[in-house]
């Protein structure tokens, strides 16, 4: 099981092209094989660059998890706008994606915990988790373990891999003293 001595969580730097290629490959795998993202066609590296540039420009945190020895990207996460309207400016939505070979080893928990801390430090007060597929127990349990509470389920709102999928909404109040 990896621990803090085997990986690093670092801010994303858009100038590092190799990291962007690895991030794009990780997300590509999730789009093609998973239900955590409702995208059907994986974005290419140019689109991922554009998305991350927008997050950077708006002051949202983007983090990478890297193997301490090799520098290989193991996963990434970011807190982006929950909704475009100004009333949501203090609310972010988290996204965390790991390489499939490192899932279930505690890396996602460490990444999400750091993402929460970074978001809170930047003045965001609420974090939403919009979890694709109500059968995505790993993500639901991860969020619950870090203090998120379920606030609703939208039934059969997505269609991927020949089946309808739910979306589970969870919320973390980062303004609360204990977070």
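In the numbering used here, the protein residues as written are 915 to 1093.
Just so it is clear, CB atoms sit at the ideal spot from N, CA and C, and this is done for glycine as well.
- When DSSP states are grouped into helix, strand and coil, residue 922 belongs to the strand group.
- Boundaries of the beta strand (DSSP E) around residue 1069: 1063-1074.
- In the structure shown, residue 1034 adopts helical secondary structure according to DSSP, grouped into three states.
- If you draw a straight line from the Cα of residue 1046 to the Cα of residue 984, it comes to about 32 angstroms.
- Each residue's CA atom was taken as its position, placing residue 1053 and residue 1030 some 15 angstroms apart.
- Secondary structure note for residue 1052: its alpha helix (DSSP H) is the uninterrupted segment 1051-1059.
- Of the residues 927, 986, 956, 961, the one whose Cα lies closest to the Cα of residue 973 is 927.
- Spanning the alpha carbons of residue 988 and residue 980 requires a straight line of approximately 5 angstroms.
- Around the CB of residue 1009, 16 or more other CB atoms lie within 10 Å, so the residue is classed as buried.
- The three-state secondary structure of residue 938, taken from DSSP, is helix.
- Spanning the alpha carbons of residue 1017 and residue 1026 requires a straight line of approximately 13 angstroms.
- Taking 4 residues as the shortest admissible run, the region 949-1003 contains the following complete alpha helix (DSSP H) segments, listed from N- to C-terminal end: 959-971.
- Residue 1013 sits in coil when the DSSP states are folded into three classes, being neither helix nor strand.
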